[in-house]
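First residue of the sequence shown? That's 267 in my numbering, and the numbers climb one at a time after it.
Report on one structure; see the data block that follows.
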Amino acid sequence: MAGRLRLLVPIVCSTAFAGCGGGQSPLSPKSKPAHDISTLWWWMLAVASVVFLGAVFMITIAWLRRKREGLPYLGRRENVANGLVVVFGLLVPVAVLGVVFVIANLVVTKDTDAPAAGSTAMSIHVIGHQWFWEVRYQGTPAVTANEIHIPVRTRVDVAVNTADVIHSFWVPELNRKIDMIPGQTGRILLYADRPGQYRGQCAEFCGVQHAHMAMKVIAEPAATFRGWLANQSRPARAPTTPAQRLGRQTFLTTACSDCHTLRGTAARGVIGPDLTHLMSRSTLAALTIPNRPDELARWILDPQHVKPGNKMPGLKLDAAETRNLVDFLESLK
Ligand SMILES: [Cu+2]
């Protein structure tokens, strides 16, 4: 028994406190919509706690006085008993739920709803794929994946679609979820009060690698953002060394180019992420691994080992081909 208890404590604690890790919590809001959501949540917790403690209090009294006839303190009075049922079973729940409903619908959804047309400074388009996020910047040729740059303190309209099954786009510190439903376009506002990185996650089970379908929103000062977007809008850099040229040759003549786009080249595949500026991202495969040369080589050689079940097959490349390919990809700044 003691042995089992000793096992139970770490299990319960690690499960309970796992949610306390920062970085992806709706309770550390960094925007007005997220702030509204977390305030609503704390109020709901407070009211629910009062209701819960009241119920526990009454159950305790009933138990302590269980030997006596009738209701505790009130005795055997039929109409009082009925009154209690009506008040605590009907009026209190209806009042509490009514207030929550009105506040949630009139106050909170006003901020979390899709932004009114024309009320935002810019628009981006996010497309969910099994299992990564494609990101397009409207009015520019820029296409990237998984790392969504936005200017800080700027209203950004995000239109969402899916390329396959239902996904859900959720950056808890910035706003509520928005589902990505086949054949429909959803819209949500992204706005960050402060520069920073805000982690997001697919919030609708979408297959074997759902858990590794993460992204981050990077809010940065307007000038930094403009520089980033200008670079993203350019076609892929030309190789400058013989090794890079060989790597590019491999990319364009093998299946890589069937699935990936390198803007400005013949590679126009749309199954996988756009790789035109791969080196501007700090992670690979929807935040699964860091974007380092050794990890990149590992990914190219055996993507199924890194992220089992994902849609990229391992190609049979020899050591020299892999080295040149990594060399070339590392030049895509
Ligand atoms: Cu998903």
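By construction, the Cβ of each residue, glycine as well, lies at the ideal position given by its N, Cα and C atoms.
None of these values were measured; they are calculated from a predicted model.
- For Ile327, DSSP assigns no beta-bridge partner whatsoever.
- Burial state of Val360 is exposed, judged by a 10 Å Cβ sphere holding fewer than 16 other Cβ atoms.
- In the structure shown, Pro299 falls within a helical segment according to DSSP collapsed to helix, strand and coil.
- Straight-line measurement puts the Cα of Leu595 at about 13 Å from the Cα of Ser523.
- CA-CA distance, Ser434 to Thr531, rounds to 32 Å.
- Each residue's CA atom was taken as its position, placing Arg334 and Gly355 some 24 Å apart.
- Contact between Trp397 and Ala552 is confirmed by a C-beta separation of about 6 Å, below the 8 Å threshold.
- Proximity to Ser597 across Leu528, Met578 and Val366 peaks at Leu528, based on C-alpha coordinates.
- Inclusion of Phe491 and Ile416 in the CB contact set at 8 Å is warranted, their separation being smaller than that value.
- Between the stretch 381 to 388 and the stretch 322 to 338, the count of Cβ pairs shorter than 8 Å is below three; the stretches do not touch.
- Cβ contact annotation for Ala347 (same chain, cutoff 7 Å, sequence separation greater than five): Leu337, in chain order.
- A straight-line Cα-Cα distance of about 7 Å links Pro505 and Arg514.
- Straight through space, the alpha carbons of Asn427 and His391 are spaced by roughly 8 Å.
- In this structure, Glu470 has its CB closer than 7 Å to one or more heavy atoms of ligand 1.
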